[in-house]
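Read the structure below first, then the notes.
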Amino acid sequence: MKVMLPDWATWLDVRQNDSHEPVRHRVFFGGRGGAKSWTIALKLIERARRCPTRILCLREFQNSMRDSSKKLIEDSIERMEMGPGGDRFFSFTEREIRGRNGSVFTFVGLNGKDASIKSYEGYDLAWVEEAATLSQSSLDALIPTIRREGSEIWWSYNPRYPTDPVDRMFRDGTPPPGTILVEVGYDDNPWFPDVLRRDMEYDRGRDPEKYAHIWQGKYVTHSEAQVFRNWLCLGFETPSDAVFRFGADWGYSNDPTVLVRCFIGHWEGEPGMSRVIADPKGRCLFVDYEAYQIGCPINEIPALFAGSDDRRPARWTNPFAHPGISGARKIRITADSSP
Numbered sequence: 005m006k007v008m009l010p011d012w013a014t015w016l017d018v019r020q021n022d023s024h025e026p027v028r029h030r031v032f033f034g035g036r037g038g039a040k041s042w043t044i045a046l047k048l049i050e051r052a053r054r055c056p057t058r059i060l061c062l063r064e065f066q067n068s069m070r071d072s073s074k075k076l077i078e079d080s081i082e083r084m085e086m087g088p089g090g091d092r093f094f095s096f097t098e099r100e101i102r103g104r105n106g107s108v109f110t111f112v113g114l115n116g117k118d119a120s121i122k123s124y125e126g127y128d129l130a131w132v133e134e135a136a137t138l139s140q141s142s143l144d145a146l147i148p149t150i151r152r153e154g155s156e157i158w159w160s161y162n163p164r165y166p167t168d169p170v171d172r173m174f175r176d177g178t179p180p181p182g183t184i185l186v187e188v189g190y191d192d193n194p195w196f197p198d199v200l201r202r203d204m205e206y207d208r209g210r211d212p213e214k215y216a217h218i219w220q221g222k223y224v225t226h227s228e229a230q231v232f233r234n235w236l237c238l239g240f241e242t243p244s245d246a247v248f249r250f251g252a253d254w255g256y257s258n259d260p261t262v263l264v265r266c267f268i269g270h271w272e273g274e275p276g277m278s279r280v281i282a283d284p285k286g287r288c289l290f291v292d293y294e295a296y297q298i299g300c301p302i303n304e305i306p307a308l309f310a311g312s313d314d315r316r317p318a319r320w321t322n323p324f325a326h327p328g329i330s331g332a333r334k335i336r337i338t339a340d341s342s343p
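Per the working numbering, the sequence shown starts with residue 5, numbered consecutively.
This is the structure we're talking about:
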């Protein structure tokens, strides 16, 4: 059976990278719809049929076989008429796929169990799916485990953050020797389905940040637009009858500890050119005061939020003369940890 593959699949066959080094790592990253998983599965099947190959299919999180790539590979084998419904070259067991020539696919979830991966050192090839979720300890345990001469590790993923270990290793500076790095997008898939194209076009028009991350494979951004859409920075006078709400978020090293005072209302006319009306049924959330600081110690949070304490003796000090937010001391703040 002849199988059609996208043009980028040739990078799964080359023996050397652009630096003329023997290939050790084949890295395929990008947004949804590029057919990364299907293409890699087909090439693994092709290799396993051509010669005896021990293939380890990995994810960071795999609580059961349903969470693995096993079903994807089985479906591909059946479509190629090589499984129980075809020429029976491959057979399926509960945890493995086996070929008549001795090839085997094994499916493992790392799940932070670094020691368990070390028992798979006899494998020829490892495929790490959803590699962006791999922890540093899992990565450090995996790479020296796949150690046979000529062995390879294939990585496929949709990028999340530049700080993810797999991105730091391959895309931040000089990658390891023998690396092939290929960006794959939906426009590299000649069979990109219409149903996904409609979803993609909807996200492109409605939510550019989501489109960039999901479909173009860009990193997740940490802008205010991820929390609030359609926001504007405009001057206004706070109405005297505004009903205030306070919102806090706790940060330290990268994100600030923050308190905001806000109320619900609407503009009387054109935004920024008319007065603000306090209205509990309004469609606008107005933030009139904010206090924030990166790296704020816990004992300084009362001063950051409320300024100096006017009681005697003072319940907290304010060595940095934080102005605080009016009314913060009168409002009970209920705090909880995030899930």
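Using N, Cα and C, we set each Cβ at its ideal position, and we do this for glycine too. No experiment lies behind these values; they were computed from the predicted model shown.
Report yes if the C-beta of residue 130 is less than 7 Å from at least one heavy atom of the ligand NAD; otherwise report no.
The model on display carries no ligand, and the ligand NAD is accordingly not part of it.
When the distance is taken between beta carbons, is residue 250 closer than 8 Å to residue 267?
No, they are not a contact pair.
Relative to the C-alpha of residue 136, which residue among 155, 130 and 169 is closest?
Measuring from the Cα of residue 136, the nearest candidate turns out to be 169.
When you compare each of 271, 175 and 252 to residue 241 by their alpha carbons, which one comes out closest?
If we check each option's Cα against that of residue 241, 271 comes out closest.
Which residues mark the beginning and the end of the alpha helix (DSSP H) in which residue 144 is found?
140-149 is the span of the alpha helix (DSSP H), which, as asked, contains residue 144.
Measuring alpha carbon to alpha carbon, tell me which residue in 252, 65 and 301 is nearest residue 111.
The shortest C-alpha separation from residue 111 is found at 65.
Looking at the secondary structure, which residues open and close the alpha helix (DSSP H) in which residue 217 lies?
Note, residue 217: alpha helix (DSSP H), 212-218.
In whole angstroms, what is the alpha-carbon distance linking residue 85 and residue 288?
If you take the alpha carbons of residue 85 and residue 288, they lie about 59 Å apart.
Under a three-way DSSP split, which group does residue 314 fall into?
Residue 314: coil per DSSP, three-state reduction.
If we count Cβ pairs, one from each stretch, closer than 8 Å, do we get three or more for the stretch 93-111 versus the stretch 145-163?
They do not touch, by the three-pair rule.
Which residues mark the beginning and the end of the alpha helix (DSSP H) in which residue 174 is found?
Note, residue 174: alpha helix (DSSP H), 169-174.
Ordered along the chain, which non-local residues of its own chain (more than five positions away) have a Cβ less than 8 Å from that of residue 318?
312.
Tell me whether residue 58 sits in a helix, a strand or coil according to DSSP, three-state version.
Three-state DSSP puts residue 58 in a strand.
Buried or exposed: where does residue 1 fall if 16 or more other Cβ atoms within 10 Å of its Cβ makes it buried?
Given a span of 5 to 343 for the chain in the structure shown, any question on residue 1 remains unanswerable.
May I ask you to verify whether the stretch 156-166 touches the stretch 24-31, counting CB pairs closer than 8 Å and requiring at least 3?
Contact holds: three or more Cβ-Cβ distances are below 8 Å.
For residue 254, collect the residues of the same chain with a Cβ closer than 6 Å to its Cβ; drop the 5 residues on either side in sequence, then sort them by chain order.
For residue 254, where only same-chain residues beyond five positions count, the Cβ hits under 6 Å are 261.
Determine, using beta carbons only, whether residue 38 and residue 192 come nearer to each other than 8 Å.
Cβ distance < 8 Å, so residue 38 and residue 192 count as in contact.
Do residue 182 and residue 27 count as a contact pair if the criterion is CB distance below 8 Å?
Cβ distance < 8 Å, so residue 27 and residue 182 count as in contact.
Assign residue 235 to one of three DSSP states: helix, strand, or coil.
Residue state, collapsed to three classes: coil.
Less than 8 Å between the CB atoms is what I'm expecting for residue 63 and residue 134, so what's the real figure, rounded?
6 Å between Cβ atoms; contact.
In whole angstroms, what separates the C-alpha of residue 10 from that of residue 195?
In a straight line, the C-alpha of residue 10 is about 9 Å away from that of residue 195.
Between the alpha carbons of residue 297 and residue 187, how many angstroms are there, rounded?
One C-alpha to the other measures close to 38 Å.
From residue 324 to residue 239, what distance separates their C-alpha atoms?
The alpha-carbon atoms of residue 324 and residue 239 are separated by roughly 27 Å.
Tell me the residue span of the alpha helix (DSSP H) that contains residue 81.
Element bounds for residue 81: 74-83.
Looking only at its chain, what residues have a beta carbon closer than 8 Å to the beta carbon of residue 129, apart from the 5 residues adjacent to it on each side?
48, 51, 57, 58, 59, 60, 150, 155, 156, 157 and 158.
Can you tell me whether DSSP reads residue 16 as helix, strand or coil?
Helix, per DSSP.
Since residue 220 and residue 269 should fall inside the 8 Å C-beta cutoff, what is the C-beta to C-beta distance between them, to a whole number of angstroms?
Not really, about 37 Å apart at Cβ, beyond 8 Å.
List the whole-angstrom C-beta distance separating residue 295 from residue 245, where the pair is believed to meet the contact cut-off of C-beta under 8 Å.
Contact doesn't hold; Cβ gap of about 23 Å is too wide.
If you count every other CB in all the chains shown that lies within 10 Å of the CB of residue 171, and 16 or more means buried, which is it?
Residue 171 is buried by the Cβ-count criterion.
Assign residue 240 to one of three DSSP states: helix, strand, or coil.
Residue 240: coil per DSSP, three-state reduction.
Let me check understanding here. Comparing Cα to Cα, which of 46, 35 and 23 lies closest to residue 4?
Since the first and last residues shown for the chain are 5 and 343, residue 4 lies out of range.
Run through DSSP, which three-state label would residue 295 get?
In the structure shown, residue 295 sits in a strand (DSSP, three-state: E or B).
Using DSSP with H/G/I as helix, E/B as strand and the rest coil, what is residue 268?
Looking at residue 268 - three-state DSSP - the assignment turns out to be strand.
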